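J.:
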Amino acid sequence: MKSEILVSREWRYAVKKYDKSKNIEVEELELILKAINLAPTSYGLQPFKVIHVKGEKVRAELKTAAYNQGQITDASDLLVFAHATAVHPFIIDRYFNNLMSTRKPNIKEVETYKNHVTQALTNWPEAQQASWCDKQMYIGLSYGLQAASDLRIDSSAIEGFDQKRFAEILKINTSLWIPTVSLALGYRSKNDSSQHLAKVRLSEDELIQIFE
Ligand SMILES: Cc1cc2nc3c(=O)[nH]c(=O)nc-3n(C[C@H](O)[C@H](O)[C@H](O)COP(=O)(O)O)c2cc1C
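When the count follows my numbering, it moves up by one through the sequence shown with no breaks and lands on 215 for the last residue.
Written out as structure tokens, the structure is:
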């Protein structure tokens with residue numbers, strides 16, 4: 004019997020055409036959002052945010068800024084991921100405030116650790132900080148993709164959009180956040196021919212190097 008781990012991953016594909024008549028149950032969407040929030044990030048800082056875009060009109064505008072990709076409007080739900088433009092002080096503060104109230108640790112030790120984290124990340128040039136935040140965000144995306152698939156909810160990760168236009172439409176303060184990837188969630192149309200395509204992947208020999 005094939006492991007559910009592989010069954011779920013092989014079932015998922017990048018949906019191009021959604022069945023507009025089918026919506027995700029609220030409880031299932033909540034599960035996916037919780038899974039995204041449980042994604043690990045370096046130092047636990049979670050330097051990104053997830054915007055659940057609800058308005059139909061806004062989604063239509065986003066579609067035009069995404070080269071008219073139909074997934075933006077036709078999926079049941081649309082999440083837009085925006086990463087922080089740098090490791091801003093509030094990103095560090097909110098984590099450490101949360102740590103203090105959640106674990107009630109020794110204050111002195113936490114202060115030393117907070118200084119270490121601040122030094123380690125904020126001495127980088129801003130572009131490197133932005134890139135680090137971007138990488139953390141994709142772990143969240145990946146958790147969302149996988150949680151959806153475990154629930155047999157279809158999904159599409161979408162990077163193909165004009166980030167500047169997305170930011171304008173969603174009124175995102177681009178000095179703090181950059182919208183970089185979207186996650187459409189819903190149910191595949193039976194007319195989506197992509198579902199019949201074989202997966203194109205490296206052989207494990209190409210992907211995995213053994214080093215003894
Ligand atoms: C981060 C990311 C961004 C993507 N952006 C787009 C996109 O803008 N438009 C699109 O049609 N597919 C997009 N894809 C889908 C990929 O092309 C697809 O995942 C890949 O070809 C592998 O196919 P599979 O997901 O069906 O296994 C994106 C995938 C990822 C992971």
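Even for Gly, the Cβ is constructed at its ideal location relative to N, Cα and C.
Computed from a predicted model, the values in this text were never measured in an experiment.
Helix, strand or coil: how does DSSP classify LYS23 here?
T.: coil
J.: Report the rounded CA-to-CA distance for VAL53 versus PRO43, giving the unit in angstroms.
T.: 15 Å
J.: According to DSSP, simplified to helix, strand and coil, what is PRO50?
T.: coil
J.: Among the residues of its own chain, which have a CB less than 7 Å from the CB of GLY47, if the five just before and after it don't count?
T.: TYR98
J.: Could you compute how far the alpha carbon of VAL184 sits from the alpha carbon of SER11?
T.: 22 Å
J.: What's the gap between the Cα of PRO92 and the Cα of GLU112?
T.: Rounded to whole angstroms, PRO92 to GLU112 spans 19 Å at the Cα level.
J.: Since ILE161 and ILE27 should fall inside the 8 Å C-beta cutoff, what is the C-beta to C-beta distance between them, to a whole number of angstroms?
T.: Incorrect: roughly 17 Å between the Cβ atoms, too far for contact.
J.: Use the C-beta contact count for GLN131: other C-beta atoms within 10 angstroms, 16 or more gives buried, fewer gives exposed.
T.: Answer is exposed; the Cβ neighbour count stays below 16.
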